[in-house]
Amino acid sequence: MNIGVFPVTILNRAVKSIADKIEKNDAELKKLLAIKDKSYLNFVRPYMELSYELSALFSPISHLNGVKNSEQSQRVFGKCLPLITEYYTRLAQNEEVYRAFAAICKHEELDYAKRKVLKDALLDFELSGVSLPSEKKKRVKEITVRLSILSEEFSQNLLNDTLKYKMIINDEALLGDMPESDRAAARKGGGWEFGLLPPSYIAFMTYVTDRSKREEVYRAYSTRAPQNGGIIAEILALRSELADILGYKNYAELNNKRMSAPSPETVLSFLVSLAEKCSPYAEKEAKEVKKVAAGDGISDLASYDLAFYSEKLKKLKFDFDEEETRPYFELDRVIGGLFSVLSRLFSLSFERKEIKLWDEGAAYYNIYRNGGLIGGLYADLRARGDKRGGAWMDNWHTYHKDAKGRLHLPEVMIIGNFPPAVSGQPSLLRHNDVVTLFHEMGHALHHLLSQVEEEALSGIKGVDWDTVEFPSQFLENFAYEPAVLDEVSSHIETGEKLPEELRDKIAAAKNFQTGLSFLRQLEFGIFDMLIHTKGALSESEAQEVLDQVRAKYSVFIPPRYNKFQNGFSHIFGGGYAAGYYSYKWAEMLAADAFLEFKKNGIFNRELAEGYLNTVLKFGASKKMDEIYRLFLGRDPDPSALTELYGLK
9 MNIGVFPVTI
19 LNRAVKSIAD
29 KIEKNDAELK
39 KLLAIKDKSY
49 LNFVRPYMEL
59 SYELSALFSP
69 ISHLNGVKNS
79 EQSQRVFGKC
89 LPLITEYYTR
99 LAQNEEVYRA
109 FAAICKHEEL
119 DYAKRKVLKD
129 ALLDFELSGV
139 SLPSEKKKRV
149 KEITVRLSIL
159 SEEFSQNLLN
169 DTLKYKMIIN
179 DEALLGDMPE
189 SDRAAARKGG
199 GWEFGLLPPS
209 YIAFMTYVTD
219 RSKREEVYRA
229 YSTRAPQNGG
239 IIAEILALRS
249 ELADILGYKN
259 YAELNNKRMS
269 APSPETVLSF
279 LVSLAEKCSP
289 YAEKEAKEVK
299 KVAAGDGISD
309 LASYDLAFYS
319 EKLKKLKFDF
329 DEEETRPYFE
339 LDRVIGGLFS
349 VLSRLFSLSF
359 ERKEIKLWDE
369 GAAYYNIYRN
379 GGLIGGLYAD
389 LRARGDKRGG
399 AWMDNWHTYH
409 KDAKGRLHLP
419 EVMIIGNFPP
429 AVSGQPSLLR
439 HNDVVTLFHE
449 MGHALHHLLS
459 QVEEEALSGI
469 KGVDWDTVEF
479 PSQFLENFAY
489 EPAVLDEVSS
499 HIETGEKLPE
509 ELRDKIAAAK
519 NFQTGLSFLR
529 QLEFGIFDML
539 IHTKGALSES
549 EAQEVLDQVR
559 AKYSVFIPPR
569 YNKFQNGFSH
579 IFGGGYAAGY
589 YSYKWAEMLA
599 ADAFLEFKKN
609 GIFNRELAEG
619 YLNTVLKFGA
629 SKKMDEIYRL
639 FLGRDPDPSA
649 LTELYGLK
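Going letter by letter, the sequence shown gives residues 9 to 656 in the working numbering.
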């Protein structure tokens, strides 16, 4: 197959292309079902290839709707999504295919990976209601299609409101200590314009001195997409109904079938236990920031004050202003340094290729290992008004061997919303942005370095959702190491590496407000698990659950108008429903693995090769607990998580 060829004009023919491919797949499936003596190689693998080809066709359409959002992309995506969802749901309820898979699994001698492909597929069939009576099967299909539409509506509503809001500042004195790079990015005419996209919102909330304006922007951010409240209620009702039809107590129990954690109860116990450990640290950190605010006469520190006074506290505590580091973290230099780090760890090299992409800010790289081409990487990292917020990795093509024995190479996209280049000044990153880039590249490596021939288990495909964040969180830890900071830093004027003094300050500030940060993530995870164990909830009932979680675990209770849940894309617009806890579940693995590198050397090639040849190579062809034991010869140490973040 060709890699490094992105179909930039695909939206012009997308709906017909998808419809035609579905029709062709249906015809091919009939031929496969007509095979008398079905086997893994003559039936399962070509069947899997049909879905892979359709997914590879749809991925660029979905991708463009996220990174080059427009009326056209919304319209086209909105027409394609029901076609795709209906097709996959219909396929997942096909009893002939199900019976063929079950027979092959029972009677054919297969290696572990092929048997796992079948067992995973059989589970998916069962969770799609393949054995249900026709009326219930029909209802499962209706629910699945409706949930996919609601998920997209949720995300689009959030994006629309994010892009709609603007705050104009005409008095420069109100910008306080805002870095020049952030001022330049916001400059418009004779004033400064701020919005709700991450770089702009973060700069505003961290530096603007006018408390009332901070609250105004915070209120706009925390009340986005009010119509999503009704969507949440419908999503929860449909998920609850789906679980009931399939014979599960609740959606969390249903979703747990695809997780490595033993049960929702185990997950809640894990989250609550961590929250109890973190609470004393969070309370101590809250007192520190309140003390700084009190120095300005503020006795009622609010959510919209937290970023502002936390920045002040960081400067007082560590004599550290992150703006000092930004001239050293120019985006292109950071990317080059990251590639150098990956070369030292995994013998990878990256070659930029000039090809036509969706935006001039995007780039494509061929990736080589020990001189051989292994895959491709698309990178689109600067914030734009037509791009969804946040950072993510998308897998497009997957390493595998197809039904004709041809080897396919993987391709991935990493997306960010880092500060753009403005007024002749290049894109300068905060260190936190560098960490985010390493995180997404960790996901990319997980997909790119797989050596699994079965597409359904290769890379991140089929990995238990609560361990998929392990490689990303593992790699982000490297971004704090002095030797790595040397690789990614270069002053934009002098070319000087990041000075030792600033490296030390970054290291010292790494665990700044870790307790508050941990507790906030745990609050999200507990809320997610609770609402998915309680059945259908109305908008107000979901709010009550969130209020109860906050009352028990939050150090700072947000204002009543805060509707965080309406922007919780991970669980209502993405794939983390009843699974948000996976960030912390996987982070324990990441912390333990990284501490092993700390003990033996950050660039220890033996360890790096071991990590590549187990965690990255095996994808989902083995369970993660088995892979981890192959990697380090032992089970992970749960205490590593609190040790790494100073919460002993």
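Just so it is clear, CB atoms sit at the ideal spot from N, CA and C, and this is done for glycine as well.
All of these numbers come straight from a predicted model, not from anything done at the bench.
query	result
Quick one: is His405 buried, meaning 16 or more other Cβ sit within 10 Å of its Cβ, or exposed?	buried
Kindly list the residues whose CB is nearer than 8 Å to the CB of Gly199, restricted to its own chain and excluding five residues on each side of it in sequence; keep chain order.	Ile176, Ile177 and Asn178
What separation, rounded to the nearest whole angstrom, lies between the Cα atoms of Leu456 and Leu171?	33 Å
For Asn378, name the three-state secondary structure that DSSP assigns.	coil
Apart from the five residues on each side of it in sequence, which residues of its chain come closer than 8 Å, Cβ to Cβ, to Asn378?	Ser355
So, using beta-carbon positions, are Gly658 and Leu493 closer together than 8 Å?	This structure cannot speak to residue 658, because the chain is shown only from 9 to 656.
Measure how close the beta-carbons of Leu182 and Arg191 come, nearest whole angstrom, since I'm counting them as under 8 Å.	With 8 Å as the limit, Leu182 and Arg191 do not qualify as a contact, their Cβ atoms being about 11 Å apart.
What are the start and end residues of each continuous alpha helix (DSSP H) run of 4 or more residues lying completely inside the stretch 217-244, in chain order?	219-230
Is the stretch 558-571 in contact with the stretch 230-237, if contact means three or more CB pairs nearer than 8 Å?	yes
Taking all protein chains shown into account, do 16 or more other C-beta atoms lie within 10 angstroms of the C-beta of Arg53, making it buried, or fewer, making it exposed?	buried
Nearest-angstrom Cα distance between Glu549 and Phe202?	34 Å
What's the gap between the Cα of Tyr298 and the Cα of Phe520?	In the sequence on display, residue 298 carries Lys and not Tyr. The straight-line gap from Cα to Cα measures roughly 15 Å.
Determine the direct distance from the alpha carbon of Glu614 to that of Tyr256, and round the result to whole angstroms.	45 Å
Would you check if the stretch 536-548 and the stretch 289-303 touch, i.e. whether three or more CB-CB distances between them fall below 8 Å?	no
By DSSP's criteria, Gly199 is part of a beta bridge. Which residues make up the other side?	Lys196
Could you tell me which residues DSSP pairs with Glu405 in its beta bridges?	Per the sequence shown, residue 405 should be read as His rather than Glu. DSSP output for His405 lists Glu419 as bridge partner(s).
Going by Cα to Cα distance, which pick from Ala42, Asn168, His115 and Asn264 is closest to Ala586?	Asn264
In three-state DSSP terms, what is Asn33?	helix
CB-CB under 8 Å to Val13, same chain, minus the five flanking residues each way: which ones, in chain order?	Ile363
Can Ala659 and Pro206 be called in contact, C-beta distance under 8 Å?	As displayed, the chain neither begins before 9 nor continues past 656, which places residue 659 out of reach and without an answer.
Please report how far the alpha carbon of Gly384 lies from the alpha carbon of Leu131, in whole angstroms.	32 Å
Between Leu465 and Val125, is the Cβ-Cβ spacing less than 8 Å?	yes
Cβ atoms of Gly627 and Val471: under 8 Å apart, would you say?	yes
By DSSP, does Ala371 sit in helix, in strand, or in coil?	strand
Specify, as a first and last residue, the run of the beta strand (DSSP E) that Met175 falls within.	Met175 to Ile177
Are at least three pairs of beta-carbons, each pair with one atom in the stretch 144-162 and one in the stretch 236-251, less than 8 Å apart?	yes
Since Asp329 and Lys323 should fall inside the 8 Å C-beta cutoff, what is the C-beta to C-beta distance between them, to a whole number of angstroms?	6 Å
Can you list, in chain order, the stretches of the beta strand (DSSP E) that have 3 or more residues and sit fully within the stretch 59-98?	none
Tell me the rounded alpha-carbon separation between Ala371 and Thr217.	38 Å
Note down, one range per segment and in chain order, each alpha helix (DSSP H) of at least 4 residues found wholly within the stretch 598-625.	613-619
Going by DSSP, which residues form a beta bridge with Phe426?	Arg390
At a cut of 8 Å, does the stretch 147-160 reach the stretch 90-109 through at least three beta carbon pairs?	yes
In this structure, how does DSSP classify Arg414 when only helix, strand and coil are distinguished?	coil
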